[in-house]
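Peer 1:
Chains as they are written, first to last, in this note's numbering: chain A, 214 to 630; chain B, 3 to 423.
See the structure below:
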């Protein structure tokens, strides 16, 4: 009898809680933060309410009693979930480099703690290995994982595979992309060493067939002078195609800043105006202050803030997405500038305009960041040092309306997850 | 003629000067007493009873000297650690790093394990003990895929289950708990294996405990127990089954299926827990995704019962939750009132002793140069347990630099001089 009444009471209590939760208009309300939403031209204090995995309202002073859970974002920046369009997440235990090998990293440990909700794997999989990539990584990750398909059928497997022009089949690559266009956003060419334009032609051909952009890592080696990036931008790439590792200073690669005069080459800003998209792609060997600082001073800013995350960059100068953004703050860019370049700009570059913004009705992928003030320092891949006064930190990441990271327990009455 | 001669001589002289300069700079670099000098930090080294402002010099991967005011001119590279803490590289005795792509394989070559290097160095950790991922049947894969591919020092508690921590029915199969084969694999690989793990067993049956302890006795190694769900009394476990030196993990769990250390009615530490610790049972935090409750930890610590080890139980289910990483676990214990030297000792010298690797966990001269450089950040911070209870703290540890075997593996704010790629 006692047991029965206890049971009844519990049921009643649960019912009340359930009804109460149901009657709330919003599941989560982010209160008091400074919203930066480049698409919607918002850069001010604004509350953001979430319901059913979507952004339900963006307004000043939304009533907290309407929400089941309140996130106290006072003093913080609220932004769309960051998009890293240059990551290497096709991890695996075969000896296959960045294509199911040990150099790549499964995404979830690196994304949410840096405010990232979407990564684009940058050429790990080719058309032959895409299915395994989908099964092992995409389907098992909470991060949204998209893909630039490598023009090499076997993907980014290292050498000699990536030098094999016979394995660069534009048609098959485009077919695989179109068959998986919920995931594939374009094509990658990388690491090609010889002085030949054929691989560039193949990848652009795939891009034309599938109506998707390409992203170019302009390989090269020390046996021949580097191919001309001016020619690449003006004769081979289409508006909307992406050039990554833009601030590299390597002997085998044609740099954006002239090595003698230390001036930005004159064709860069026109190429950008023409629609070529320039990605940072920091990585383990592709970011030099000697290139970036003069380029930025000359008014040439990168379009997207790709990390080139892999095992060789995660603990080095690159570290993570927010460290890359902080480095650009230290070089004089402003907070809205770097946020738009890691939200709305990459969303447009990969033709996913449903991402990278917090319009009402859009998927609730949100980053909540603080900008910490102090004395910080950053390095490039050559070990040069640059000091800064600001560093981004990730306070919370929300993916599809669910809190997936909460550094300092800023969410109230958290339901158990 | 004389002009040509002069020109020739001039050239010769300038070559000579340049050669002298080059050789001087080479001999200068070679002549330096130390490779790396960590200057101005506060050294906390429990083994050597040090808690003082001291410089630490490294040469050839070893600690060369620990002293006040070591001359920076004697080092090729100087690390400015002013205002920071310099500790032995942290040792996480409870991690799950046996990641892989085998379907439905949980923490044995499956997708719940994580890559060690992505978590270790950014948290000051230089050694991780995988806590029961591989069994004797899967140790080879573990060695090939994880130990040999990681920059972090990876050790292992071998699972008493031959298949390892594969989840589901595999871990319930008493017939696959062969203590002889487990002990043999451990002894054959004693460079890497430091003990045995029992975990997740759900029946009220002592056989698995007996088996894992039998393996421990045969190999003369400790065991570490995750006391699954059999509702067996922990008092019996500590006094009738385990030996001094054996480890009980998830010590602050409050789960219905597990006998807790703090009585659920009286909210008092149960009377046998401190005697068990005195007897030599070692208690590990093993925070994980479901094994740390403030309702247990706070009363226990108030009653004078401190955990011996600060294991994280790192895996994909804990990495982004309340646990996060090793330094977050230490910071939570600071929030509950423990002091810095205590939490550092419990993640350096104590775990080194628990796994019988006394060459690790300290900064004695001649020791392997595994070093963590940490800052203590002041502010308002919030922490959660696995039941989502919130606890506030005013301090948080941050990793500034991690050095393993004399090599800088992580440098958050570029505090090292003369860095070459």
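Beta carbons are placed, not taken as given, at the ideal position from N, Cα and C, and that holds for glycine.
Can you pull the chain A residues whose beta carbon is under 9 angstroms from the beta carbon of residue 412 of chain B, in chain order?
Peer 2: Reading the second chain from its first residue, position 410 is the one you call residue 412 of chain B. Per Cβ cutoff of 9 angstroms: 528, 529, 532.
Peer 1: Express the C-alpha separation of residue 170 of chain B and residue 323 of chain A in angstroms, rounding to a whole number.
Peer 2: Counted from its first residue, the first chain places residue 323 of chain A at position 110. Counted from its first residue, the second chain places residue 170 of chain B at position 168. Approximately 28 angstroms, taken between the alpha carbons.
Peer 1: Got a sec: does the ligand MG put a non-hydrogen atom nearer than 7 angstroms to the Cβ of residue 330 of chain B?
Peer 2: In the structure on display, the ligand MG does not appear, and there are no ligands present to speak of.
Peer 1: Could you tell me whether the stretch 123-134 of chain B touches the stretch 177-191 of chain B, where touching means 3 or more Cβ pairs closer than 8 angstroms?
Peer 2: Contact between the stretch 123-134 of chain B and the stretch 177-191 of chain B is absent, because fewer than three Cβ pairs lie under 8 angstroms.
Peer 1: Pick from B:386, B:38, B:311: whose alpha carbon is nearest that of residue 95 of chain B?
Peer 2: In the second chain, the residue the question calls residue 95 of chain B occupies position 93. For the residues B:386, B:38, B:311, the minimum Cα distance to residue 95 of chain B belongs to B:311.
Peer 1: Are the Cβ atoms of residue 368 of chain A and residue 338 of chain A separated by less than 8 angstroms?
Peer 2: Here the question's residue 368 of chain A lines up with position 155 in the first chain. Here the question's residue 338 of chain A lines up with position 125 in the first chain. Contact flag set, yes.
Peer 1: Expressed to the nearest angstrom, what Euclidean distance is found between the alpha-carbon atoms of residue 29 of chain B and residue 79 of chain B?
Peer 2: Taking the second chain and counting its residues from 1, the one referred to as residue 29 of chain B is at position 27. Taking the second chain and counting its residues from 1, the one referred to as residue 79 of chain B is at position 77. For residue 29 of chain B, the predicted model reports a pLDDT of 46, less than 50, meaning its position is unreliable and no value from the coordinates is stated.
Peer 1: Which residues bound the beta strand (DSSP E) around residue 54 of chain B?
Peer 2: In the second chain, counting from the first residue as 1, residue 54 of chain B sits at position 52. Note, residue 54 of chain B: beta strand (DSSP E), 52-55.
Peer 1: Residue 86 of chain B CB to nearest chain A CB: under 8 angstroms?
Peer 2: What you label residue 86 of chain B is simply residue 84 of the second chain in a count that begins at 1. Output row for residue 86 of chain B: interface = no.
Peer 1: Can you tell me whether DSSP reads residue 298 of chain B as helix, strand or coil?
Peer 2: Mapped onto the second chain, residue 298 of chain B falls at position 296. Three-state result, residue 298 of chain B: helix.
Peer 1: Over what stretch of residues does the beta strand (DSSP E) that includes residue 379 of chain B continue unbroken?
Peer 2: Here residue 379 of chain B refers to the residue found at position 377 of the second chain. Where residue 379 of chain B is concerned, the enclosing beta strand (DSSP E) starts and stops at 373-386.
Peer 1: Just to confirm, is the Cβ distance from residue 590 of chain A to residue 59 of chain B under 8 angstroms?
Peer 2: The residue labelled residue 590 of chain A in the question sits at position 377 within the first chain. The residue labelled residue 59 of chain B in the question sits at position 57 within the second chain. Taking 8 angstroms as the Cβ cut-off, residue 590 of chain A and residue 59 of chain B do not qualify as a contacting pair.
Peer 1: Which chain B residues sit within Cβ distance under 7 angstroms of residue 617 of chain A?
Peer 2: As a working mapping, residue 617 of chain A is identified with position 404 in the first chain. Under the 7 angstroms cutoff, chain B gives 322.
Peer 1: Do you know how far the Cα of residue 563 of chain A is from the Cα of residue 557 of chain A?
Peer 2: The sequence position of residue 557 of chain A within the first chain is 344, counting from 1. The sequence position of residue 563 of chain A within the first chain is 350, counting from 1. Between residue 557 of chain A and residue 563 of chain A, the C-alpha separation is close to 10 angstroms.
Peer 1: Measure the alpha-carbon distance for residue 219 of chain B versus residue 231 of chain B and round it to whole angstroms.
Peer 2: Here residue 219 of chain B is taken as the residue at index 217 of the second chain, counted from 1. Here residue 231 of chain B is taken as the residue at index 229 of the second chain, counted from 1. One C-alpha to the other measures close to 25 angstroms.
Peer 1: Work out the CA separation of residue 370 of chain B and residue 358 of chain B for me, nearest whole Å.
Peer 2: Counting from one through the second chain, the residue named residue 358 of chain B turns up at place 356. Counting from one through the second chain, the residue named residue 370 of chain B turns up at place 368. Going by the C-alpha atoms only, they are around 15 angstroms apart.
Peer 1: Excluding five sequence neighbours on each side, which residues of the same chain lie with their C-beta closer than 7 angstroms to the C-beta of residue 419 of chain B?
Peer 2: As a position in the second chain, residue 419 of chain B is number 417, starting the count at 1. 79, 80, listed in sequence order.
Peer 1: Chain B beta carbons: is any one of them nearer than 8 angstroms to that of residue 472 of chain A?
Peer 2: For the purposes of this step, residue 472 of chain A is taken as residue 259 along the first chain, with counting starting at 1. No, residue 472 of chain A does not count as interfacial toward chain B.
Peer 1: Looking at the unbroken alpha helix (DSSP H) that takes in residue 505 of chain A, where does it start and where does it end?
Peer 2: Position 292 of the first chain, counted from the first residue, corresponds to residue 505 of chain A. Taken as a continuous stretch (DSSP letters only), the alpha helix (DSSP H) holding residue 505 of chain A covers 502-510.
Peer 1: What is the rounded straight-line gap between the Cα of residue 373 of chain B and the Cα of residue 409 of chain A?
Peer 2: Position 371 of the second chain, counted from the first residue, corresponds to residue 373 of chain B. Position 196 of the first chain, counted from the first residue, corresponds to residue 409 of chain A. One C-alpha to the other measures close to 48 angstroms.
Peer 1: Report yes or no: do the stretch 504-512 of chain A and the stretch 455-471 of chain A share at least 3 C-beta pairs separated by less than 8 angstroms?
Peer 2: Contact holds: three or more Cβ-Cβ distances are below 8 angstroms.
Peer 1: Taking only beta-carbon positions, decide if residue 289 of chain A is within less than 8 angstroms of chain B.
Peer 2: By one-based count along the first chain, residue 289 of chain A stands at place 76. No - not a single Cβ of chain B is within 8 angstroms of the one on residue 289 of chain A.
Peer 1: Find the nearest neighbour of residue 301 of chain A within the set A:285, A:525, A:392, judged by alpha-carbon distance.
Peer 2: Translated into the one-based positions of the first chain, residue 301 of chain A becomes position 88. Of A:285, A:525, A:392, the residue nearest in Cα terms is A:525.
Peer 1: Once the 5 residues before and after residue 283 of chain A are set aside, which same chain residues still bring their CB inside 7 angstroms of it?
Peer 2: Taking the first chain and counting its residues from 1, the one referred to as residue 283 of chain A is at position 70. Around residue 283 of chain A: 242, 244, 277, 625.
Peer 1: I'd like the ranges of any alpha helix (DSSP H) spanning at least 4 consecutive residues and lying wholly in the stretch 248-324 of chain A.
Peer 2: 321-324
Peer 1: Could you tell me the distance, in whole angstroms, from the CA atom of residue 214 of chain B to the CA atom of residue 242 of chain B?
Peer 2: Against the second chain, residue 214 of chain B aligns to sequence position 212. Against the second chain, residue 242 of chain B aligns to sequence position 240. Their backbone Cα atoms lie some 14 angstroms apart in a straight line.
Peer 1: Using a 10 Å radius around the Cβ and a threshold of 16 neighbouring Cβ atoms, would you call residue 320 of chain A buried or exposed?
Peer 2: On the first chain, residue 320 of chain A is found 107 positions in, with the first residue counted as 1. Buried, because 16 or more other Cβ atoms sit within 10 Å of the Cβ of residue 320 of chain A.
Peer 1: Please classify residue 395 of chain A as buried or exposed, where buried requires at least 16 neighbouring CB atoms within 10 angstroms.
Peer 2: Taking the first residue of the first chain as 1, we reach residue 395 of chain A at position 182. Residue 395 of chain A is exposed by the Cβ-count criterion.
Peer 1: In chain A, which residues lie less than 8 angstroms from residue 123 of chain B when you measure between Cβ atoms?
Peer 2: For the purposes of this step, residue 123 of chain B is taken as residue 121 along the second chain, with counting starting at 1. Under the 8 angstroms cutoff, chain A gives 528.
Peer 1: Which class does residue 615 of chain A belong to by DSSP, given the choice of helix, strand or coil?
Peer 2: Taking the first chain and counting its residues from 1, one reaches residue 615 of chain A at position 402. Three-state result, residue 615 of chain A: strand.
Peer 1: Against chain B, does residue 502 of chain A count as a neighbour if the rule is that its beta carbon must be under 8 angstroms from one of theirs?
Peer 2: Against the first chain, residue 502 of chain A aligns to sequence position 289. Closer than 8 angstroms: no.
Peer 1: State buried or exposed for residue 268 of chain B, treating a residue as buried only when at least 16 other CB atoms are found within 10 Å of its CB.
Peer 2: Translated into positions along the second chain, residue 268 of chain B becomes position 266. Taking a 10 Å sphere around the C-beta of residue 268 of chain B, we find fewer than 16 other C-beta atoms and assign the residue as exposed.
Peer 1: Check residue 357 of chain B in the structure and name its three-state DSSP category.
Peer 2: Position 355 of the second chain, counted from the start, is the residue given in the question as residue 357 of chain B. Residue state, collapsed to three classes: coil.
Peer 1: Hey, residue 575 of chain A and residue 348 of chain A: beta-carbon distance below 8 angstroms or not?
Peer 2: Stepping through the first chain from its first residue, residue 575 of chain A is reached at position 362. Stepping through the first chain from its first residue, residue 348 of chain A is reached at position 135. No, they are not a contact pair.
Peer 1: Mind pulling the chain E residues with CB within less than 8 angstroms of residue 321 of chain A?
Peer 2: Going by chain labels, chain E is absent from the structure shown, which instead holds the protein chains A and B.
Peer 1: Take every Cβ of the stretch 277-286 of chain B, pair it with every Cβ of the stretch 67-75 of chain B, and state whether three or more of those distances are shorter than 8 angstroms.
Peer 2: Contact check between the stretch 277-286 of chain B and the stretch 67-75 of chain B: fewer than three CB pairs, one atom from each, fall below 8 angstroms, which does not count as touching.
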